[in-house]
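Enquirer: According to my numbering, numbering within the first sequence proceeds without interruption in unit steps and concludes at 438.
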Amino acid sequence: MLDPRILESRRDEIVASCKSRRVDVDVDAAIAAHQRVTEIQTELNGLNQRRNEHQAGGKRKLDPAEREAHVAEGRQLKEEVAELEKRLAAERAALQPLMLAIPNFLHPDSPQGGEADFNELRRVGEPRKFDFQPLDHMALSGKLDLFDFEAGAKVSGQKWYFLKNEAVLLELALQRMAIDFVMEAGFAPFTTPDVARKEIVDGLAFSPRGSESQIYSIEGTDLDLIGTAEITLGGINADTLLDEADLPLRMSGVSHCFRTEAGSAGRESKGLYRVHQFTKVEMFAITRPEDSAAMHDEIVAVEERILQALEIPYRVIDIAAGDLGAPAYRKFDIEGWMPMRGDGGDYGELTSASNCTDYQARRLKTRFRRADVKKNEFVHTLNGTAIAVPRTIVAILENHQRSDGSVAIPAALQSYLGLERIGPR
RNA sequence: GGAGAGGUGGCCGAGCGGUUGAAGGCAGCGGUCUUGAAAACCGCCAGGGGUGCAAGCCCCUCGAGGGUUCGAAUCCCUCCCUCUCCGCCA
14 MLDPRILESR RDEIVASCKS RRVDVDVDAA IAAHQRVTEI QTELNGLNQR RNEHQAGGKR
74 KLDPAEREAH VAEGRQLKEE VAELEKRLAA ERAALQPLML AIPNFLHPDS PQGGEADFNE
134 LRRVGEPRKF DFQPLDHMAL SGKLDLFDFE AGAKVSGQKW YFLKNEAVLL ELALQRMAID
194 FVMEAGFAPF TTPDVARKEI VDGLAFSPRG SESQIYSIEG TDLDLIGTAE ITLGGINADT
254 LLDEADLPLR MSGVSHCFRT EAGSAGRESK GLYRVHQFTK VEMFAITRPE DSAAMHDEIV
314 AVEERILQAL EIPYRVIDIA AGDLGAPAYR KFDIEGWMPM RGDGGDYGEL TSASNCTDYQ
374 ARRLKTRFRR ADVKKNEFVH TLNGTAIAVP RTIVAILENH QRSDGSVAIP AALQSYLGLE
434 RIGPR
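#1: On the three-state DSSP scale, how would you describe A322?
#2: How many Å lie between V40 and Y229 at the Cα?
#3: Pick helix, strand or coil for P77, following the three-state DSSP scheme.
#4: If you draw a straight line from the C-alpha of N58 to the C-alpha of E81, how long is it?
#5: When DSSP labels each residue in this structure, what does V195 get in the three-state scheme?
#6: Kindly indicate which three-state DSSP category I19 falls into: helix, strand or coil?
#7: Checking the sheet assignment: what are the DSSP bridge partners for I132?
#8: Touching or not, the region 249-267 and the region 111-126, by the rule of three or more beta carbon pairs under 8 angstroms?
#9: Using 10 angstroms around the beta-carbon of L254, count the other beta-carbons present and answer buried if the total reaches 16, otherwise exposed.
#10: Would the beta-carbon of M190 fall within 9 angstroms of that of I325?
#11: Nearest-angstrom Cα distance between P403 and I239?
#12: Can the beta-carbon of L432 be found closer than 9 angstroms to that of L246?
#13: Shortest alpha-carbon distance to S30 belongs to which of T292, N65 and H120?
#14: How big is the Cα-Cα spacing for L337 and T204?
#15: Measure how close the beta-carbons of I244 and L262 come, nearest whole angstrom, since I'm counting them as under 8 angstroms.
#16: Could you give the residue range of the beta strand (DSSP E) that holds V208?
#17: Name the residue from L377, T394, E317 and A114 whose alpha carbon lies nearest to the alpha carbon of L20.
#18: Pick from R354, R135 and D235: whose alpha carbon is nearest that of R328?
#19: Using three-state DSSP, classify L255 as helix, strand or coil.
#20: In the DSSP output, which residue or residues are listed as bridge partners for T8?
#21: Report yes or no: do the region 303-311 and the region 404-416 share at least 3 C-beta pairs separated by less than 8 angstroms?
#22: In terms of residue numbering, what span does the beta strand (DSSP E) encompassing H393 cover?
#23: Can you tell me which of I299, A374, R49 and Q414 puts its alpha carbon nearest to the alpha carbon of M1?
#24: Using only CA atoms, which one of V294, A107 and I44 lies nearest to L185?
#25: Can you look up G358 in the DSSP assignment and give me helix, strand or coil?
#26: Alpha carbon to alpha carbon, what distance is there between Q321 and D144?
#27: Which one of L97, F200, Q290 and A258 has the shortest CA to CA distance from R272?
#28: Take the Cβ of S33 as the centre, count every other Cβ of all protein chains shown within 10 Å, and call the residue buried at 16 or more, exposed below.
#29: Kindly identify the DSSP beta-bridge partner or partners of I299.
#30: Taking all protein chains shown into account, do 16 or more other C-beta atoms lie within 10 angstroms of the C-beta of R461, making it buried, or fewer, making it exposed?
#31: Hey, quick one: how far does the alpha helix (DSSP H) through R24 stretch, first residue to last?
#32: What's the gap between the Cα of G397 and the Cα of E104?
#33: Have a look at the DSSP bridge pairing and note the partners of P202.
#34: Once DSSP output is grouped into helix, strand and coil, what is the label at S367?
#35: Quick check on D346: does DSSP put it in helix, strand or coil?
#36: Would you identify the three-state DSSP class for A103, choosing helix, strand or coil?
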């Protein structure tokens, strides 16, 4: 959420951001609503002041007639206050949905446009030339018996799956390797709950309601299944005043992630690329405002080190405004080369790193105290993927397959997996 | 699931219905002392909001929401949450 007080002074910028993001919000209505809220607030403050003065006068000894008059006046004031409070609550309620609909500011370098209009920042690694006909990860699984979507569909539904055999080891090994990389970079590891209170989910600006919701809710409770450990890690410091000396805070979380994938039927839906549940190691950072841009780069650097270790060719892209989520000020995705994606191979999203500036912190009420300034400030929050297991498995299988149907395991992963290859069978 | 206890400032923890926005402690900040540091001692120090160039002034907040009262952190009701014990259980 933005600070409603800056709406007016940065109005044009916000309107432009909404347009770039293809978000339809009435910024002027929000400005007007906020004005009404402050007007009533001011009026209420004055009335409360009168009431307080009146009450102070009631402490004296009063004769019965005076007391009676005093009491009557007190009742009158009380009613007026109640009336104003009611109006204030109503105006606040009107402002709230408008504020929630307004996305974060936009980084000046974020490209305009939609999903296809990203800026490519760099490419690392050469897509491999195969001297045989490579298979996609589903076909490889057919040979190697690594996952079972039929059983997943039977037991849980479309896009649910079982990993089997070496794929299970791969899932565990990738997590373990990722944890080593993030710890090396100073991100303290956590396992997190796979559910969170709606209040926390809301605070991170994931909307669990509405038909396009990506979030599963647990009926009869106020809990949602998390879509990413960003939610639980961010929740840790909700409603907290941190010391400047504690920043930056680097955390990482191992969790399962659940996504309804509402509205994405048929979209890149082959196999493990888009599923309802997956395991992920996530980085989450809390910084001072002036440090968030550097932290963003730091997170991307960790992501790159991991992909380099896995010998997956990739490119880093700066996501266009129209493809950013509401909380993201700027987002860098890393797309890994997937030989069987599209027609003759293509890059597909493997990780994603966002700088959410103070957008999440404002709703979460995560602030910090500077050593020398009395005014407390909201922190900046950032998140990035260390490993999203299924997609990484896709990239490893497809990139490192061999003509005999086996898969070579990258050297850096071998000790974690305990294998130099999978198959052939 | 059953029984009980409790939710107060960055943290811990007091708090007869008006003098408590809140004792005390810790942490933090400033100072005295010290070659320096520690210790000791002295002082300052809740958060949010409105208004103002500013100093300041004002309002709100003791889990949330209602109620009683001229007046509630203190009394009543509802809800939420946390903890302890018992049961069940990986």
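Every residue gets a Cβ at the ideal spot worked out from N, C-alpha and C, and that includes glycine.
Expert: Considering the structure as presented:
#1: helix
#2: 30 angstroms
#3: helix
#4: 26 angstroms
#5: helix
#6: helix
#7: The amino acid occupying residue 132 in the given sequence is Asn; Ile does not appear at that position. Beta-bridge pairing links N132 to D331.
#8: no
#9: exposed
#10: no
#11: 17 angstroms
#12: no
#13: H120
#14: 27 angstroms
#15: So it is not a contact: roughly 16 angstroms between Cβ atoms.
#16: V208 to R210
#17: A114
#18: R135
#19: strand
#20: The requested residue 8 is not part of the displayed model; the chain covers only 14 to 438.
#21: no
#22: H393 to A401
#23: Residue coverage of the chain in this structure runs from 14 to 438, which leaves residue 1 outside it and unanswerable.
#24: V294
#25: coil
#26: 23 angstroms
#27: Q290
#28: buried
#29: L262 and T394
#30: Because the chain spans 14 through 438 in this model, residue 461 falls outside it and cannot be assessed.
#31: R24 to S33
#32: 37 angstroms
#33: S265
#34: strand
#35: strand
#36: helix
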